[in-house]
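In our numbering, the protein residues as written are 82 to 297.
Glycine included, every Cβ here is placed at the ideal spot set by N, Cα and C.
What follows is a set of notes on a single structure, which appears directly below.
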(Lines of atoms letter the chains of each structure in order from A and count residues from 1; the text may use other names and numbers.)
(Lines give C-alpha, C1' and ligand atoms only; values in the text may rest on other atoms or scores of the structure.)
Protein backbone atom coordinates (compact mmCIF):
# COMPACT_ATOMS: atom_id res chain seq x y z
CA UNK A 1 0.00 0.00 0.00
CA UNK A 2 2.83 2.42 0.80
CA UNK A 3 4.42 1.76 -2.58
CA UNK A 4 1.15 2.40 -4.39
CA UNK A 5 0.84 5.68 -2.51
CA UNK A 6 4.17 6.90 -3.88
CA UNK A 7 3.48 5.65 -7.40
CA UNK A 8 0.69 8.23 -7.56
CA UNK A 9 3.24 10.98 -6.89
CA UNK A 10 5.91 9.76 -9.31
CA UNK A 11 6.45 12.29 -12.09
CA UNK A 12 4.80 15.24 -10.35
CA UNK A 13 5.84 17.92 -7.93
CA UNK A 14 3.11 17.34 -5.41
CA UNK A 15 1.22 18.94 -2.57
CA UNK A 16 0.07 15.95 -0.56
CA UNK A 17 -2.47 16.32 2.20
CA UNK A 18 -2.70 13.52 4.76
CA UNK A 19 -5.64 14.41 6.89
CA UNK A 20 -5.75 12.11 9.90
CA UNK A 21 -3.38 10.83 12.54
CA UNK A 22 -1.88 7.50 11.59
CA UNK A 23 -1.81 6.29 15.22
CA UNK A 24 -4.42 6.49 17.95
CA UNK A 25 -4.26 4.67 21.27
CA UNK A 26 -1.54 2.37 19.91
CA UNK A 27 -3.78 1.21 17.05
CA UNK A 28 -2.48 1.98 13.58
CA UNK A 29 -5.02 3.77 11.41
CA UNK A 30 -2.81 3.44 8.34
CA UNK A 31 0.78 2.55 7.56
CA UNK A 32 3.31 5.36 7.87
CA UNK A 33 4.66 5.81 4.36
CA UNK A 34 7.20 8.61 4.95
CA UNK A 35 10.61 8.61 6.70
CA UNK A 36 10.73 8.93 10.48
CA UNK A 37 13.82 11.14 10.62
CA UNK A 38 15.30 13.98 8.58
CA UNK A 39 18.01 12.94 6.07
CA UNK A 40 17.59 9.24 6.85
CA UNK A 41 16.50 7.43 3.68
CA UNK A 42 13.55 5.05 3.60
CA UNK A 43 13.09 2.41 0.88
CA UNK A 44 9.56 1.67 -0.36
CA UNK A 45 9.38 -0.72 -3.32
CA UNK A 46 11.04 1.06 -6.25
CA UNK A 47 11.47 4.37 -4.41
CA UNK A 48 13.90 5.96 -2.01
CA UNK A 49 12.39 8.64 0.23
CA UNK A 50 14.37 11.28 2.06
CA UNK A 51 12.73 13.81 4.35
CA UNK A 52 14.59 17.12 4.11
CA UNK A 53 12.40 19.29 6.33
CA UNK A 54 9.78 18.78 9.04
CA UNK A 55 7.87 21.53 10.88
CA UNK A 56 5.11 20.91 13.43
CA UNK A 57 2.33 23.47 13.76
CA UNK A 58 -0.71 23.55 16.03
CA UNK A 59 -3.09 21.72 13.70
CA UNK A 60 -0.82 20.21 11.05
CA UNK A 61 2.73 19.14 10.26
CA UNK A 62 4.62 20.11 7.11
CA UNK A 63 7.23 17.82 5.52
CA UNK A 64 9.39 18.24 2.43
CA UNK A 65 10.17 14.79 1.03
CA UNK A 66 12.42 13.94 -1.92
CA UNK A 67 11.03 11.03 -3.94
CA UNK A 68 13.73 9.15 -5.90
CA UNK A 69 12.78 6.59 -8.54
CA UNK A 70 15.47 3.90 -8.51
CA UNK A 71 14.70 2.77 -12.07
CA UNK A 72 14.85 6.01 -14.04
CA UNK A 73 16.91 7.95 -11.42
CA UNK A 74 14.47 10.87 -11.44
CA UNK A 75 13.69 12.87 -8.30
CA UNK A 76 10.61 14.84 -7.29
CA UNK A 77 9.63 17.04 -4.40
CA UNK A 78 6.59 16.15 -2.32
CA UNK A 79 5.21 18.80 0.03
CA UNK A 80 3.18 16.93 2.65
CA UNK A 81 0.64 18.68 4.87
CA UNK A 82 -0.38 16.24 7.60
CA UNK A 83 -3.52 17.41 9.38
CA UNK A 84 -3.39 16.17 12.98
CA UNK A 85 -6.47 17.66 14.66
CA UNK A 86 -9.44 15.83 13.17
CA UNK A 87 -11.18 13.86 15.95
CA UNK A 88 -12.23 10.23 15.44
CA UNK A 89 -15.84 11.30 15.95
CA UNK A 90 -17.32 14.60 14.81
CA UNK A 91 -15.47 17.43 13.10
CA UNK A 92 -12.83 20.00 14.13
CA UNK A 93 -13.46 23.72 14.55
CA UNK A 94 -13.76 25.43 11.18
CA UNK A 95 -10.78 27.70 11.88
CA UNK A 96 -8.58 24.61 12.23
CA UNK A 97 -9.43 23.69 8.64
CA UNK A 98 -8.96 27.17 7.20
CA UNK A 99 -5.34 27.59 8.28
CA UNK A 100 -3.79 24.52 6.58
CA UNK A 101 -5.93 24.92 3.45
CA UNK A 102 -4.80 28.53 3.05
CA UNK A 103 -1.21 27.43 3.57
CA UNK A 104 -1.44 24.75 0.89
CA UNK A 105 -2.94 27.20 -1.60
CA UNK A 106 -0.26 29.80 -0.89
CA UNK A 107 2.54 27.39 -1.81
CA UNK A 108 4.22 28.30 -5.09
CA UNK A 109 3.53 24.92 -6.62
CA UNK A 110 1.39 24.54 -9.73
CA UNK A 111 1.17 20.77 -9.98
CA UNK A 112 -1.23 18.16 -8.64
CA UNK A 113 -2.70 17.93 -5.15
CA UNK A 114 -3.41 14.53 -3.58
CA UNK A 115 -5.74 14.34 -0.60
CA UNK A 116 -6.31 11.17 1.38
CA UNK A 117 -7.10 9.61 4.73
CA UNK A 118 -7.95 6.15 6.03
CA UNK A 119 -11.34 5.65 4.39
CA UNK A 120 -10.96 8.22 1.63
CA UNK A 121 -14.52 9.53 1.44
CA UNK A 122 -15.81 11.46 4.47
CA UNK A 123 -12.97 13.66 5.65
CA UNK A 124 -11.32 13.54 2.24
CA UNK A 125 -14.49 14.79 0.56
CA UNK A 126 -14.92 17.52 3.16
CA UNK A 127 -11.42 18.88 2.64
CA UNK A 128 -11.55 18.63 -1.15
CA UNK A 129 -14.82 20.59 -1.15
CA UNK A 130 -13.46 23.35 1.10
CA UNK A 131 -10.21 23.63 -0.84
CA UNK A 132 -11.77 23.63 -4.31
CA UNK A 133 -14.67 25.94 -3.46
CA UNK A 134 -12.42 28.41 -1.63
CA UNK A 135 -10.15 28.65 -4.67
CA UNK A 136 -13.11 28.90 -7.06
CA UNK A 137 -14.93 31.46 -4.92
CA UNK A 138 -11.89 33.72 -4.81
CA UNK A 139 -11.82 33.70 -8.62
CA UNK A 140 -15.49 34.22 -9.47
CA UNK A 141 -17.04 35.65 -6.30
CA UNK A 142 -19.61 32.92 -5.57
CA UNK A 143 -19.87 29.18 -4.85
CA UNK A 144 -22.56 26.48 -5.04
CA UNK A 145 -21.80 23.93 -2.34
CA UNK A 146 -24.73 21.59 -3.09
CA UNK A 147 -23.84 21.38 -6.77
CA UNK A 148 -20.17 20.69 -6.05
CA UNK A 149 -20.91 17.91 -3.54
CA UNK A 150 -23.29 16.26 -6.03
CA UNK A 151 -20.58 16.42 -8.68
CA UNK A 152 -18.04 14.78 -6.34
CA UNK A 153 -20.48 11.98 -5.54
CA UNK A 154 -20.89 11.17 -9.23
CA UNK A 155 -17.18 10.33 -9.28
CA UNK A 156 -17.09 8.62 -5.87
CA UNK A 157 -20.06 7.66 -3.70
CA UNK A 158 -20.44 9.00 -0.16
CA UNK A 159 -17.99 11.87 -0.51
CA UNK A 160 -18.83 13.83 2.68
CA UNK A 161 -20.56 11.20 4.80
CA UNK A 162 -22.27 13.01 7.68
CA UNK A 163 -24.34 16.13 8.20
CA UNK A 164 -21.60 17.45 10.53
CA UNK A 165 -19.07 17.20 7.70
CA UNK A 166 -21.52 18.91 5.34
CA UNK A 167 -22.08 21.74 7.83
CA UNK A 168 -18.35 22.27 8.38
CA UNK A 169 -17.93 22.92 4.64
CA UNK A 170 -20.33 25.88 4.97
CA UNK A 171 -18.72 27.11 8.21
CA UNK A 172 -15.14 26.84 6.93
CA UNK A 173 -15.97 28.65 3.69
CA UNK A 174 -17.80 31.40 5.58
CA UNK A 175 -14.76 31.79 7.84
CA UNK A 176 -12.34 31.78 4.91
CA UNK A 177 -14.24 34.32 2.81
CA UNK A 178 -15.12 36.78 5.58
CA UNK A 179 -12.16 36.68 7.98
CA UNK A 180 -8.70 37.55 6.61
CA UNK A 181 -5.67 35.50 7.53
CA UNK A 182 -4.12 37.24 10.55
CA UNK A 183 -1.48 34.64 11.35
CA UNK A 184 2.00 35.95 12.15
CA UNK A 185 5.30 34.09 11.99
CA UNK A 186 6.79 33.80 15.47
CA UNK A 187 10.06 35.44 14.41
CA UNK A 188 8.06 38.41 13.05
CA UNK A 189 5.73 38.81 16.04
CA UNK A 190 7.72 41.38 18.05
CA UNK A 191 8.28 43.55 14.97
CA UNK A 192 4.58 43.34 14.10
CA UNK A 193 3.52 44.44 17.59
CA UNK A 194 5.98 47.33 17.56
CA UNK A 195 4.74 48.48 14.16
CA UNK A 196 1.10 48.37 15.29
CA UNK A 197 1.81 50.26 18.50
CA UNK A 198 3.50 53.07 16.55
CA UNK A 199 0.47 53.64 14.33
CA UNK A 200 -1.46 56.89 14.70
CA UNK A 201 -5.04 55.95 15.55
CA UNK A 202 -8.26 57.84 16.33
CA UNK A 203 -8.91 58.67 19.98
CA UNK A 204 -10.10 55.77 22.17
CA UNK A 205 -9.12 53.20 19.53
CA UNK A 206 -6.42 50.60 20.16
CA UNK A 207 -4.27 48.92 17.51
CA UNK A 208 -5.97 45.57 18.07
CA UNK A 209 -9.55 46.96 17.89
CA UNK A 210 -10.09 45.83 14.31
CA UNK A 211 -9.18 42.22 15.03
CA UNK A 212 -11.28 42.21 18.20
CA UNK A 213 -14.22 43.41 16.11
CA UNK A 214 -13.74 40.48 13.72
CA UNK A 215 -14.00 38.05 16.62
CA UNK A 216 -17.43 39.31 17.68
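(request) Would you tell me roughly how many angstroms separate the C-alpha atoms of residue 277 and residue 292, rounded to the nearest one? (result) Counting from 1 along the chain shown, the entry for residue 277 is found at position 196. Counting from 1 along the chain shown, the entry for residue 292 is found at position 211. Those two C-alpha atoms are separated by around 12 Å.
(request) Grab the span of the beta strand (DSSP E) containing residue 202 for me, first residue to last. (result) Numbered from 1 along the chain shown, position 121 holds the residue referred to as residue 202. Per DSSP, residue 202 belongs to no beta strand (DSSP E) and is neither H nor E.
(message) With H, G and I counted as helix, E and B as strand and the rest as coil, what does DSSP make of residue 144?
(response) Within the chain shown, residue 144 is the residue found at index 63, counting from 1. Looking at residue 144 - three-state DSSP - the assignment turns out to be strand.
(request) Can you tell me which of the three DSSP states residue 24 falls into? (result) Since the displayed the chain opens at 82 and closes at 297, residue 24 lies outside it and no answer follows.
(request) Just tell me which of 176, 249, 129 has its CA closest to the CA of residue 153. (result) Along the chain shown, one-based indexing puts residue 153 at 72. The residue with the shortest Cα to Cα distance from residue 153 is 129.
(message) Alpha carbons only, please: which of 138, 134, 131 is nearest the one belonging to residue 264?
(response) Within the chain shown, numbered from 1, the residue matching residue 264 stands at position 183. Among 138, 134, 131, the Cα nearest to that of residue 264 belongs to 138.
(request) State the DSSP-derived secondary structure class of residue 219, mapped to helix, strand or coil. (result) Within the chain shown, residue 219 is the residue found at index 138, counting from 1. It is helical.
(request) Tell me whether residue 275 sits in a helix, a strand or coil according to DSSP, three-state version. (result) By 1-based counting over the chain shown, the position of residue 275 is 194. Correct three-state label for residue 275: helix.
(message) For residue 148, tell me which candidate among 209, 272, 237, 122 has the shortest Cα-Cα distance.
(response) For this step, residue 148 is matched to residue 67 along the chain shown. Taking only the C-alpha atoms, the option nearest residue 148 is 122.
(message) Tell me which residue opens and which closes the alpha helix (DSSP H) that residue 233 is part of.
(response) Within the chain shown, the letter at position 152 stands for residue 233. Note, residue 233: alpha helix (DSSP H), 226-236.
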